[in-house]
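Peer 1: Questions regarding the structure given below will be posed in turn.
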Amino acid sequence: MSWNPLTLTILQRYLAAPQLRALQTAALADAQGDPLPELIADVTARVRAELRAGGNRLSADPQALPAELHGPAAALVLATAQTRLPTLELRPDQVRAYQDARALLERFATGRLRPEAPDDPETAPAPTSGQTVVVSARSDRLTARRLRF
747 MSWNPLTLTI
757 LQRYLAAPQL
767 RALQTAALAD
777 AQGDPLPELI
787 ADVTARVRAE
797 LRAGGNRLSA
807 DPQALPAELH
817 GPAAALVLAT
827 AQTRLPTLEL
837 RPDQVRAYQD
847 ARALLERFAT
857 GRLRPEAPDD
867 PETAPAPTSG
877 QTVVVSARSD
887 RLTARRLRF
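Last residue of the sequence shown: number 895 in my numbering, and the count goes up by one each step with no gaps.
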């Protein structure tokens, strides 16, 4: 597996064609184009932020996700896009896929899971998880008695 951008072609693997068409064409303003490319970019940025939070190395391509996260990202895209069309109800299995995707991303964000390493990693090192480690601590307390000369 490798890191690739999440595309409409990949979404077609996970979403039913009528749902995908509705999300692309229904409830558009005059001259508004297909909203899915922007939603895909937003979800991709969110997934990459979760991966980065867990101290994972990311692909240098800002649109790329590990192939193992394409399905969960598709579930996130569907749930995000569905908010545009409240009449389009998610099936119970799609709601479960969304919930599973959120739980999976949380495991990546906390460092409990690691994605496949990208072939083209970013040049900057991944940040640490943000945990604070106390290296040493002073055991004796400063009191008024100790301050007297």
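Each residue gets a CB set at the ideal place from its N, CA and C atoms; glycine is no exception.
As the structure is a prediction and not an experimental result, all values here were calculated from the model.
So for A777, helix, strand or coil by DSSP?
Peer 2: The answer is coil: DSSP assigns A777 none of H, G, I, E or B.
Peer 1: First and last residue of the beta strand (DSSP E) that includes A763?
Peer 2: Run containing A763: none in the beta strand (DSSP E); it sits in the alpha helix (DSSP H), 763-771.
Peer 1: Which value, in whole angstroms, describes the spacing of the CA atoms of P818 and R837?
Peer 2: 16 Å
Peer 1: Could you give the C-beta distance for L824 and Q840, rounded to a whole number, given that I count them as a contact under 8 Å?
Peer 2: 6 Å
Peer 1: Using the beta-carbon count (16 or more within 10 Å), is A763 buried or exposed?
Peer 2: exposed
Peer 1: Looking only at its own chain, which residues have a Cβ that is under 7 Å from the Cβ of L754, when we skip the five neighbours before and after it?
Peer 2: For L754, same chain residues with a beta-carbon under 7 Å away, outside a window of 5 residues either side, are L782 in chain order.
Peer 1: Excluding the 5 residues preceding and the 5 following T869 in the sequence, name in chain order all residues of the same chain whose CB lies nearer than 8 Å to its CB.
Peer 2: A806
Peer 1: Looking only at its chain, what residues have a beta carbon closer than 7 Å to the beta carbon of T856, apart from the 5 residues adjacent to it on each side?
Peer 2: Exclusion of the five residues before and after T856 leaves G800 as the residues of its chain whose Cβ lies within less than 7 Å of its Cβ.
Peer 1: Once you ignore the five residues that flank T771 on each side, which residues in its own chain have a CB closer than 8 Å to its CB?
Peer 2: D780
Peer 1: From which residue to which residue does the beta strand (DSSP E) around P812 run?
Peer 2: Where P812 is concerned, the enclosing beta strand (DSSP E) starts and stops at 810-812.
Peer 1: At what residues does the beta strand (DSSP E) containing P751 begin and finish?
Peer 2: 749-751 is the span of the beta strand (DSSP E), which, as asked, contains P751.
Peer 1: Taking a contact to mean a Cβ-Cβ separation below 8 Å, would you say L850 touches W749 in this structure?
Peer 2: It is not a contact, given that the beta carbons lie outside the stated cut-off.
Peer 1: Leaving out five residues before and five after L859 in sequence, what residues of the same chain have Cβ atoms less than 7 Å from its Cβ?
Peer 2: R853
Peer 1: How is the alpha helix (DSSP H) around L836 delimited, first residue to last?
Peer 2: It is not in any alpha helix (DSSP H) - L836 carries neither H nor E in the DSSP assignment.
Peer 1: Taking the alpha-carbon positions, what's the L822 to D776 distance?
Peer 2: 26 Å
Peer 1: For the alpha helix (DSSP H) that contains D788, what are its first and last residues?
Peer 2: 782-799
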